[in-house]
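For the record, the sequence lines run as chains A and B.
The numbering used here applies: residue 37 is where the first sequence begins, and numbers increase by one.
The numbering used here applies: residue 83 is where the second sequence begins, and numbers increase by one.
Beta carbons are placed, not taken as given, at the ideal position from N, Cα and C, and that holds for glycine.
Below: the structure, in structure tokens.
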Amino acid sequence: MKLSGGDLLMRALKDEGVKFIFGYPGGAALHIYDSIFKQKAFEHILVRHEQGATHAADGYSRATGKPGVALVTSGPGATNAITGLATAFMDSIPLVVISGQVQSHLIGTDSFQETDMIGISRPIVKHSFIVQNTQDIPRIVQEAFHIATTGRPGPVVIDIPKDKTDPSQLFEYKRAKEISLRSYQPRVFPHPGQIKKASKKILSAERPVIYAGGGVILGNAHKELIALNKLLKAPVTNTLMGLGAYPAKDKYFMGMLGMHGTYQANMAMHNADVIIAIGARFDDRITNTPSMFAPNAKIVHIDVDPASISKIINADIPIVGQVKESLIALIKEIKRSKIKIDSEALDQWNMQISQWREKHGLDHDLYLSKIKSSMIAPQVVVQELYHATQGNAFVTSDVGQHQMFVAQYYHFNKPRRWINSGGLGTMGFGLPAAMGVKLAFPKQEVVCVTGEGSIQMCIQELSTCLQYNLPIKIININNEALGMVRQWQDMNYGGRHSASTYSDSLPDFVKLAQSYGHVGMKVTKQSQLKKTLEKAFAMKDRLVFIDVYVDPNEHVYPMLVAPNGSMQDMWIKKNTKA
Amino acid sequence: MKRIISILIENKPGALARVVGLFHQRGYNIETLNVGPVFDGSFSRMTVTTRGSENDVEQITKQINKIIDVIKVSDLTEGDHHEYEFIMIKFKHSEKIQKILKSLNGKIHEKNNDAMVMSAWGSSSDIEEAIKSMGKVNLLEVARSGSIGLHEGEKVLKI
Chain A
37 MKLSGGDLLM
47 RALKDEGVKF
57 IFGYPGGAAL
67 HIYDSIFKQK
77 AFEHILVRHE
87 QGATHAADGY
97 SRATGKPGVA
107 LVTSGPGATN
117 AITGLATAFM
127 DSIPLVVISG
137 QVQSHLIGTD
147 SFQETDMIGI
157 SRPIVKHSFI
167 VQNTQDIPRI
177 VQEAFHIATT
187 GRPGPVVIDI
197 PKDKTDPSQL
207 FEYKRAKEIS
217 LRSYQPRVFP
227 HPGQIKKASK
237 KILSAERPVI
247 YAGGGVILGN
257 AHKELIALNK
267 LLKAPVTNTL
277 MGLGAYPAKD
287 KYFMGMLGMH
297 GTYQANMAMH
307 NADVIIAIGA
317 RFDDRITNTP
327 SMFAPNAKIV
337 HIDVDPASIS
347 KIINADIPIV
357 GQVKESLIAL
367 IKEIKRSKIK
377 IDSEALDQWN
387 MQISQWREKH
397 GLDHDLYLSK
407 IKSSMIAPQV
417 VVQELYHATQ
427 GNAFVTSDVG
437 QHQMFVAQYY
447 HFNKPRRWIN
457 SGGLGTMGFG
467 LPAAMGVKLA
477 FPKQEVVCVT
487 GEGSIQMCIQ
497 ELSTCLQYNL
507 PIKIININNE
517 ALGMVRQWQD
527 MNYGGRHSAS
537 TYSDSLPDFV
547 KLAQSYGHVG
557 MKVTKQSQLK
567 KTLEKAFAMK
577 DRLVFIDVYV
587 DPNEHVYPML
597 VAPNGSMQDM
607 WIKKNTKA
Chain B
83 MKRIISILIE
93 NKPGALARVV
103 GLFHQRGYNI
113 ETLNVGPVFD
123 GSFSRMTVTT
133 RGSENDVEQI
143 TKQINKIIDV
153 IKVSDLTEGD
163 HHEYEFIMIK
173 FKHSEKIQKI
183 LKSLNGKIHE
193 KNNDAMVMSA
203 WGSSSDIEEA
213 IKSMGKVNLL
223 EVARSGSIGL
233 HEGEKVLKI
């Protein structure tokens, strides 16, 4: 049977196993939308802004490991999708974003709702396609999913001029059995020689640290990471993107590292003799001043992307390969090796880390000691949330102080539970991302921890949540200011709060939630917090927006001292360096 | 240090823009750029000259390699190589310029009462030197192909 371009697209998406498409219609996408109407393979979720579509597809992908799909129209639809594309690109999330384009003969004429989507998105996609022949649609879709999901994953754009989905033009559907691109063959297996060298270096370490990033989660290698450390018994730290890759409850886990990492994690990195970097990219929020980074450490770096290796910090033993395959090879080599770990040195090292933890570690029982305080500490909100959900929720966040508090105080024991924009730092990510997660896991608790600044960047999606009945729990950590901006202004700009406050013009979030048909709750006292959370989580079928007023003067600590600081240079509380 | 990077890439719309855009995004400069279809026409070969340290060039080549349309990348300056550049020059009659170009395999393409058009080729540094020594007085127009080059010996850039 012959199909139109729109129907070819539907068929191709169905064959990729797509279950949800997040999108927003418009002129150039109308043929496609008519094809959507006629199919039953997947559900289309109508968002309220294209940024929401890309973030929702992104959240879906992060939680499930499957590629997310978004559909937008040309011009403003396409440009609104750009922030979501950049967010996914920075965190290596596999997305396929389909954009309608004006008819082929109008391209380049400044026609209505025309924009050069391929050009605009070029620096923030893994690859992009423009459809020039309708019959290529199945192949292009297949290649797009292949490219998005293999190697170092990333977003792919397919731009489709309207005439290529013309319902009167029919073509045969052909799907290739296998995809092979002569110019794209990402490496899977590591070089055995490098694995040998790495094993030798790791086993003779006295002060090893495992520094594991988002690549472990994206590469589905958390079990291998745990298995590796059953052998090594080394202290482990996760990046912001890697939280959940190693269980937080494990005794070797030191918490997050970097800018707002724990004291013990940052001290361990600085004093290590061997750093085993796994699926992490030595981001500037990790290393602090690169020339002062871990002065005595040899670096073993495992990454699927050769360009991530020795980009910021020189790797002594680079290993290019999928994280899972690389760890399997490393574990095998370590088991075979005759080198014995110096357990005396390792015990001493782990003891040193315990001492650091006791000295300046995070207080995870703050909620017990602050029970009678007049103002609610934002950290306590996260701790109470952790207990209310038994640590089992999917937690999305936006960007700023609240994001760091979740990263520090919600203990993620499983991968894909912590969903946040780490690389790009996109405010507005949390709510739409939570929609994608909730659709994928309707029976699981999905919480969006946000702030009164971030939530307003994509608040329109409350309407989408009503339409598709998505009972997400939103915890709005409300300090009536752009908290992280204000923290920097407090610390570096003499407390001049330039454009970071708006306390007299905030909406009544309870009424706002209610006007969208949801439940709103407000918490201003510590004594109400636990009960309100319990009440909210008991409402299984409703979206509950919990507006929690917190101490506006709270800062996030520890914080690396910059500029010209190393990882051991930290503020551990206001006006106090470690 | 000057580097000559050769790139074998799919001859597809937008492929060139991906490479050029990448230099800008990653903060590197392109000094010269040459591109043309090769083999069966489904490939293009690009030659880019740039300046940077060993680390810079390693990072550039790795990033170029990540572009999906790129098949192979090689830094010619890493080893022995052949490198040439072609120029065409229009100038007011000048014995001096004619002589300089003659020494660089020069060829006359047009000669009329007002001006001459000549071509020449040589290593980029010879070309650079020649243009400098011509002075500005009689020079009307210069077109440069940018460097092209090949590895010496058996090393080749192909699929």
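Residues that DSSP places opposite residue i in a beta bridge
i, result
"Tyr247/A", "Thr273/A and Ala313/A"
"Arg175/A", "None; Arg175/A has no bridge partner."
"Asp339/A", "Val356/A"
"His163/A", "Val192/A"
"Asn512/A", "Thr486/A and Asp583/A"
"Val54/A", "DSSP, once it has assigned bridges, lists no residue as partnering Val54/A."
"Leu596/A", "Met606/A"
"Glu167/B", "Gly204/B"
"Met37/A", "Met37/A is not bridged to any residue."
"Ala263/A", "For Ala263/A, which the question treats as bridged, DSSP gives no partner whatsoever."
"Asn116/B", "Thr129/B"
"Gly231/B", "Glu165/B"
Residue closest to residue i, alpha-carbon to alpha-carbon, out of the options
i, options, result
"Glu208/A", "Ser534/A, Lys395/A and Asn169/A", "Asn169/A"
"Tyr3/A", "Asn528/A, Gly291/A, Ala517/A and Asp544/A", "Residue 3/A is absent from the structure shown; chain A starts at 37 and stops at 614."
"Leu267/A", "Val336/A, Glu369/A, Ala184/A and Ile349/A", "Glu369/A"
"Ser135/A", "Gly42/A, Ala304/A and Pro189/A", "Gly42/A"
"Asp587/A", "Ile196/A, Ala413/A and Gly63/A", "Ala413/A"
"Leu90/B", "Arg127/B, Phe121/B and Leu115/B", "Arg127/B"
"Gly487/A", "Asn515/A, Glu481/A, Gly472/A and Leu506/A", "Asn515/A"
"Asn428/A", "Arg453/A, Gln439/A and Val416/A", "Arg453/A"
"Thr432/A", "Val245/A, Lys376/A, Gly59/A and Gly472/A", "Gly472/A"
"Ile253/A", "Arg578/A, Met575/A and Ile314/A", "Ile314/A"
"Val584/A", "Cys494/A, His591/A and Val485/A", "Val485/A"
"Tyr504/A", "Met303/A, Ile176/A and Phe58/A", "Phe58/A"
"Asp434/A", "Ile407/A, Thr201/A and Phe465/A", "Phe465/A"
"Thr129/B", "Lys184/B, Gly118/B and Ser215/B", "Gly118/B"
"Ile364/A", "Phe56/A, Ala257/A and Ala48/A", "Ala257/A"
"Gln23/A", "Met463/A, Ser405/A and Phe430/A", "With chain A represented from 37 up to 614, any question about residue 23/A goes unanswered, as that position is not in the structure."
"Leu82/A", "Asn528/A, Leu502/A, Asp526/A and Val161/A", "Leu502/A"
"Lys174/B", "Lys148/B, Lys144/B, Glu136/B and Leu222/B", "Leu222/B"
Distance between residue j and residue i (C-alpha atoms, nearest Å)
i, j, result
"Ile367/A", "Ala263/A", "8 Å"
"Ala614/A", "Ile608/A", "6 Å"
"Glu92/B", "Arg223/A", "20 Å"
"Ala114/A", "Glu86/A", "8 Å"
"Asn111/B", "Ser156/B", "17 Å"
"Thr323/A", "His163/B", "39 Å"
"Val272/A", "Gly291/A", "8 Å"
"Ile153/B", "Gln415/A", "50 Å"
"Lys94/B", "Ile455/A", "36 Å"
"Arg317/A", "Ile335/A", "12 Å"
"Tyr593/A", "Gly297/A", "8 Å"
"Leu44/A", "His533/A", "54 Å"
"Met295/A", "Met328/A", "15 Å"
"Leu113/B", "Ser229/B", "The question names Leu, yet the displayed sequence has Glu at residue 113/B. Going by the C-alpha atoms only, they are around 10 Å apart."
"Ser240/A", "Tyr220/A", "37 Å"
"Ile215/A", "Ala124/A", "23 Å"
"Pro205/A", "Lys198/A", "Per the sequence shown, the amino acid found at residue 205/A is Gln instead of Pro. So the alpha carbons of these two residues sit roughly 12 Å apart."
Exposure of residue i, with buried meaning 16 or more beta-carbon neighbours within 10 Å
i, result
"Pro331/A", "exposed"
"Ala574/A", "exposed"
"Thr275/A", "buried"
"Lys667/A", "With chain A covering 37 to 614 only, the question about residue 667/A has no answer from this structure."
"Gln384/A", "exposed"
"Ile241/B", "exposed"
"Val340/A", "buried"
"Met277/A", "buried"
"Met520/A", "buried"
"Ser541/A", "exposed"
"Ala99/B", "exposed"
"Asp94/A", "buried"
"Glu497/A", "buried"
"His106/B", "exposed"
"Asn137/B", "exposed"
The ligand COA heavy atom lying under 7 Å from the CB of residue i
i, result
"Val219/B", "Annotation note on the ligand COA: not contained in the displayed structure, which lists no ligands."
Entirely within the segment 66–149 of chain A and at least 3 residues each: give me those beta strand (DSSP E) ranges in chain order.
79–82, 104–108 and 131–137
Which ranges does the beta strand (DSSP E) cover as unbroken runs of at least 3 residues, wholly within the segment 413–462 of chain A, from first to last along the chain?
430–433
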